[in-house]
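The structure under discussion appears below in the form of structure tokens.
2 protein chains.
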Amino acid sequence: MIIFFIEVKDLPESWKDVFHRFNKKATSSRRAILEVFEEKGQHLSAEDVYEHLRAKKKKVGIATVYRNLDLLLRMGILRKVNFGDGREHYEMIRRAARFHHHLICTRCGQVVDCEEMTQEEEEFLQHLRKELEQRQGFVIHSYHIYFYGLCPRCR
Amino acid sequence: MIIFFIEVKDLPESWKDVFHRFNKKATSSRRAILEVFEEKGQHLSAEDVYEHLRAKKKKVGIATVYRNLDLLLRMGILRKVNFGDGREHYEMIRRAARFHHHLICTRCGQVVDCEEMTQEEEEFLQHLRKELEQRQGFVIHSYHIYFYGLCPRCR
DNA sequence: ACCTCAATGAAAAATATTATCATTTTCCAT
DNA sequence: ATGGAAAATGATAATATTTTTCATTGAGGT
Chain A
79 MIIFFIEVKD
89 LPESWKDVFH
99 RFNKKATSSR
109 RAILEVFEEK
119 GQHLSAEDVY
129 EHLRAKKKKV
139 GIATVYRNLD
149 LLLRMGILRK
159 VNFGDGREHY
169 EMIRRAARFH
179 HHLICTRCGQ
189 VVDCEEMTQE
199 EEEFLQHLRK
209 ELEQRQGFVI
219 HSYHIYFYGL
229 CPRCR
Chain B
79 MIIFFIEVKD
89 LPESWKDVFH
99 RFNKKATSSR
109 RAILEVFEEK
119 GQHLSAEDVY
129 EHLRAKKKKV
139 GIATVYRNLD
149 LLLRMGILRK
159 VNFGDGREHY
169 EMIRRAARFH
179 HHLICTRCGQ
189 VVDCEEMTQE
199 EEEFLQHLRK
209 ELEQRQGFVI
219 HSYHIYFYGL
229 CPRCR
């Protein structure tokens, strides 16, 4: 019984610890924003997040949304992605580890997440990464592939 | 003598034909913008292009720069690239064919073009493309890889 | 429970991009 | 070459997105 209690209490609380590790306050806005990403998932713009929060009756100012998207970015919880529609989008890196690439329809703008790669693909990219690191003197910590084309409906 | 004349006259004129094929006028602004990309090269923002034009004593309104970047995009001469700095950048596709990836320093924002890939790399990406096309029902016409990390000075 | 400082909301400001419209330029037909 | 129709441009206004300001609120340590 006690073990059960610790489990359900501990799991949703873990973000709090993350904020504390960064000397940031685990405010209700921040938790609500993370909740949106966990529920609604992929690549949301600031406006998207703002709207989803309103839909959940959780009013957070748009400036706070922007501030916290940037914070979560610097904390390494979100990453920026861009589909050429004039606004920045964000997605959880935890999710990005599984859904790595993006396929973008250049006609209707639809964006599809592509699931994880095969072993072979993973190895290839490690190889390419090492080669670029040597050639350019960079330390590469991540990468992102965008594929452009026409979706089933537009082709 | 006649042949010589045709040659030097024809080569710099070829953009004119491209515009005509699209039923667009080969105006001096348009040619000046293309000249900037041919001289200054990679991934310029609208503002970058505008500044380079002024430096060349060629005054083109910023609105015209935006309009023509969009036109050249639709004509398939430029492509958009994005480095998360809040503005769109453009580069020539002709050049993109050789300089394919981008390496972005997440600390100072420096962007490095990476030269063309090996045969092996090219084959791998063709393979990945075909697989995605089948899995998602897309027709993929291009792709773009961004690598993120720290440049030699920031590491 | 209090106190401090970070976080927030509302609104203004800064940036980037697009639309409007009168004027200029291209280019086709003469 | 010249004239005229239509497209392109410049200047500016409008819009969209993101950031800043500053007074007020709230989190979390004591």
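Chains as they are written, first to last, in the numbering used here: chain A, 79 to 233; chain B, 79 to 233.
Glycine is no exception: its CB is placed at the ideal position from the N, C-alpha and C atoms.
Taking a Cβ-Cβ cut-off of 8 angstroms, isoleucine 140/B has no neighbours in chain A, whose nearest Cβ is about 17 angstroms from it.
Every beta strand (DSSP E) stretch that sits fully inside the region 129-213 of chain A and reaches 3 residues is listed by chain position as 156-159, 167-170, 179-183 and 189-192. Counting along the chain, the unbroken beta strand (DSSP E) around histidine 222/A starts and ends at 217-228. Cβ neighbours of leucine 210/B within its own chain (closer than 7 angstroms, five residues either side excluded): Phe216 and Ile218.
Between the region 154-168 of chain A and the region 121-130 of chain A, the count of C-beta pairs closer than 8 angstroms reaches three or more; the two stretches touch.
With a beta-carbon spacing of about 4 angstroms, lysine 94/A and alanine 104/A fall inside the 8 angstroms limit used to define contacts. The Cβ neighbour count for glutamate 117/B, taken over all protein chains shown within 10 Å, is under 16; the residue is labelled exposed. Secondary structure note for phenylalanine 97/B: its alpha helix (DSSP H) is the uninterrupted segment 92-99. Interface criterion met: the Cβ of asparagine 160/B is under 8 angstroms from a Cβ in chain A.
For arginine 233/B, the chain A residues whose Cβ falls inside 9 angstroms of its Cβ are Gly215, Phe216 and Val217, in order along the chain. Pairing cysteine 186/B with asparagine 101/B, the inter-Cα distance amounts to about 42 angstroms. Contact annotation: isoleucine 155/B and isoleucine 171/B have beta-carbon atoms nearer than 8 angstroms. Where alanine 104/A is concerned, there is no enclosing alpha helix (DSSP H), because DSSP gives it neither an H nor an E. Leaving aside the five residues that flank tyrosine 226/B on each side, the residues in its chain whose CB is nearer than 7 angstroms to its CB run, in chain order, Ile182 and Thr184.
From the listed residues Arg108/B, Gln214/B and Leu206/B, the smallest Cα separation to alanine 141/B is found for Arg108/B. Closer than 8 angstroms to the CB of histidine 222/B there is at least one CB belonging to chain A. Taking a Cβ-Cβ cut-off of 9 angstroms, tyrosine 128/A has no neighbours in chain B, whose nearest Cβ is about 18 angstroms from it.
Selection Cys192/B, Leu206/B and Arg99/B evaluated against arginine 213/A yields Cys192/B as nearest (Cα-Cα).
Lysine 208/A and lysine 136/B have their C-alpha atoms roughly 44 angstroms apart.
For the pair glutamine 120/B and arginine 173/B, the CB atoms are nearer than the 8 angstroms cut-off.
Cα atoms of histidine 222/A and histidine 130/A: separation of roughly 26 angstroms, rounded to the nearest angstrom. According to DSSP, residue pairing for leucine 112/A in a beta bridge does not occur. Chain A places a beta carbon closer than 8 angstroms to that of phenylalanine 225/B, counting this residue as a contact. Judged by their CB atoms, valine 189/B and histidine 179/B are not nearer to each other than the 8 angstroms cut-off. Residue-level contact by beta carbon holds for leucine 206/B and chain A, with a gap shorter than 8 angstroms.
Classified as exposed, glutamate 201/B has fewer than 16 neighbouring CB atoms from the shown chains inside 10 Å of its CB.
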